[in-house]
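Input: a single structure, listed below in structure tokens.
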Amino acid sequence: MDVAFIIFLEPPHFIAGSHAFSAGVRLAATINKTRTYKMVEQRKLVSTIYFVYFKEEHI
Numbered sequence: 001m002d003v004a005f006i007i008f009l010e011p012p013h014f015i016a017g018s019h020a021f022s023a024g025v026r027l028a029a030t031i032n033k034t035r036t037y038k039m040v041e042q043r044k045l046v047s048t049i050y051f052v053y054f055k056e057e058h059i
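All residue numbers for the sequence shown refer to my numbering, where the first residue is 1 and numbers rise by one.
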């Protein structure tokens, strides 16, 4: 199962893209602790909206 997030940041709580990525990793890990995810795409859509996509790694 792949996971995609659209993260909306409300002013004045702007955060760097790396923080958006970290939040996405934590959300993906919460969904199922037995799966491993790798970020394959992160796009800043506008200054306050990030799209982050994770692909499940099959080991």
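Glycine included, C-beta positions come from ideal geometry on N, C-alpha and C.
Once the 5 residues before and after residue i are set aside, which same chain residues still bring their CB inside 6 angstroms of it?
i: residue 4; result: 53
i: residue 6; result: 51
i: residue 41; result: 53
i: residue 43; result: 51
I'd like to confirm the pairing. Which residues does DSSP put opposite residue i in its beta bridges?
i: residue 46; result: 49
i: residue 3; result: 54
List the whole-angstrom C-beta distance separating residue i from residue j, where the pair is believed to meet the contact cut-off of C-beta under 8 angstroms.
i: residue 2; j: residue 38; result: 10 angstroms between Cβ atoms; not a contact.
Can you name, in chain order, every residue of its own chain whose Cβ lies under 8 angstroms from the Cβ of residue i, other than the five neighbours on each side?
i: residue 49; result: 6, 7, 8 and 9
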